[in-house]
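Trainee:
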Amino acid sequence: MRIQPTPEDLIELTSSWQGERFPDGRPKVPDEVLEEIRLATTEEAWGVLRRQGYERQFAGGWRETHPGTILVGRAVTSQFLPHRPDLDSAVVAAGAREGHLTPDKQNSWIISTLVSGDVMVTDIFGKVRDGTVVGDNLSTAVAARTGVGAVIHGGVRDYQGISQLDGGVNFYFRDADPTAIRDVTLAGINIPVKIGDATVLPGDVVLGTPSGLIFIPPHLAAMVAESSADIRTRDVFGKLRLAEQVYSSAEIDVGTWASHIEEDFQRWRKEQEQTEQAANRS
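Take 10 as the starting number for the sequence shown in the working numbering and just add one per residue.
1) Got a sec? Which residues, its chain only, sit under 7 Å from A68 by beta carbon, not counting five neighbours each side?
2) What are the start and end residues of the beta strand (DSSP E) that includes V165?
3) Give every residue of the same chain whose Cβ lies closer than 7 Å to the Cβ of D184, excluding the five residues on either side of it in the sequence, and list them in chain order.
4) Is it right to say T131 is buried, meaning 16 or more other beta carbons lie within 10 angstroms of its own, or is it exposed?
5) Let me know the secondary structure DSSP gives T111 once reduced to three states.
6) Give every residue of the same chain whose Cβ lies closer than 6 Å to the Cβ of A231, excluding the five residues on either side of it in the sequence, and list them in chain order.
7) So, with DSSP's three-state summary, where would you put E73?
8) May I ask you to verify whether the stretch 152-162 touches the stretch 94-113, counting CB pairs closer than 8 Å and requiring at least 3?
9) Given this structure, state the Cα-to-Cα distance separating P219 from I79, to the nearest angstrom.
10) So for V57, helix, strand or coil by DSSP?
11) Run through DSSP, which three-state label would N116 get?
12) When the distance is taken between beta carbons, is G82 closer than 8 Å to G126?
13) Using a Cβ-Cβ cutoff of less than 6 Å, which residues in the same chain neighbour E29 once the five nearest sequence positions on both sides are dropped?
14) Cα separation between D239 and R290?
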């Protein structure tokens with residue numbers, strides 16, 4: 010067995026993504042797309058995914074260490090199962106072959122794989138007592154490696170210490186408990202996992218907002234970014250025309266604008282782009 014899939018396995022698992030990849034095979038959505046997604050709302054992302062047939066990518070009902078901090082990054086997934094001696098022995102042996110030499114600290118195996126821009130996404134089947142995947146020390150390591158944070162479908166400990174981390178990180182978790190992690194075995198890293206009602210694959214773009222978490226398949230990330238930007242631009246135009254009393258609220262607050270409003274919007278947007286280009290040249 011393997012703790013992590015081979016790069017070839019990950020490429021096959023995420024074959025819808027045709028762009029750049031990390032050496033381990035994970036999709037690498039560009040940083041500029043991640044920054045655009047940071048401006049998106051949960052509902053904007055959800056709408057795009059739903060129209061593309063991805064209807065179960067949202068998970069809600071979380072606690073956060075840094076409420077109000079938007080979390081955006083690329084998923085490194087992992088899963089724990091209830092401890093079973095023969096499975097644990099096999100995992101320890103496989104981990105040693107792959108360079109993980111601390112059998113009693115399997116949660117640290119995950120952290121050692123993280124790089125900048127990653128989100129540690131761990132399913133520990135909602136376990137809180139004895140299911141605390143990170144405390145203040147390990148969360149500091151996650152923050153230092155990723156600059157983003159983590160999603161833990163389970164518990165954390167040392168909540169006060171984690172909440173004092175700075176640098177724009179955020180940790181989503183189910184609840185806090187003073188116990189340490191025990192009686193579980195790491196089933197794998199960068200494998201499909203279930204977080205709430207969502208199936209998460211390695212390389213998914215994680216968007217965490219006050220509404221909850223949405224997991225965006227890499228091949229749809231640019232579409233989410235573009236759709237969100239379009240909605241924000243339309244909001245500016247709509248509010249402008251409402252303030253000018255050019256159109257009524259009934260005309261603006263609809264799913265699809267009438268043709269004459271859409272034509273007006275396209276002219277206005279082109280003018281804004283030309284103005285911006287002229288300002289950049291000067």
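C-beta: ideal position from N, C-alpha, C; glycine also.
On a predicted model such as this, the values are computed, not experimentally measured, just so you know.
Mentor: Let's see:
1) As a working mapping, residue 68 is identified with position 59 in the sequence shown. Same-chain partners within the cutoff: I204, G205, D206, A207, G221, L222.
2) Position 156 of the sequence shown holds residue 165. It spans 158-165 - the beta strand (DSSP E) in which V165 sits, taken as one unbroken run.
3) Position 175 of the sequence shown holds residue 184. For D184, where only same-chain residues beyond five positions count, the Cβ hits under 7 Å are R72, V137, G164.
4) Here residue 131 refers to the residue found at position 122 when the sequence shown is read from its first residue. Classification for T131: buried.
5) Taking the sequence shown and counting its residues from 1, one reaches residue 111 at position 102. T111 falls in the coil class under three-state DSSP.
6) Translated into positions along the sequence shown, residue 231 becomes position 222. Cβ within range, chain order: V42.
7) The residue you call residue 73 lines up with position 64 of the sequence shown. Here E73 sits in strand by DSSP.
8) no
9) Residue mapping note: residue 219 aligns to position 210 of the sequence shown, counting from 1. Residue mapping note: residue 79 aligns to position 70 of the sequence shown, counting from 1. Distance between the alpha carbons of P219 and I79: 8 Å.
10) In the sequence shown, counting from the first residue as 1, residue 57 sits at position 48. Correct three-state label for V57: helix.
11) In the sequence shown, counting from the first residue as 1, residue 116 sits at position 107. Helix at N116.
12) Against the sequence shown, residue 126 aligns to sequence position 117. Against the sequence shown, residue 82 aligns to sequence position 73. It is a contact, given that the beta carbons lie within the stated cut-off.
13) In the sequence shown, residue 29 corresponds to position 20, counting from 1. Contacts found: K37.
14) On the sequence shown, residue 239 is found 230 positions in, with the first residue counted as 1. On the sequence shown, residue 290 is found 281 positions in, with the first residue counted as 1. Each residue's alpha carbon lies about 24 Å from the other.
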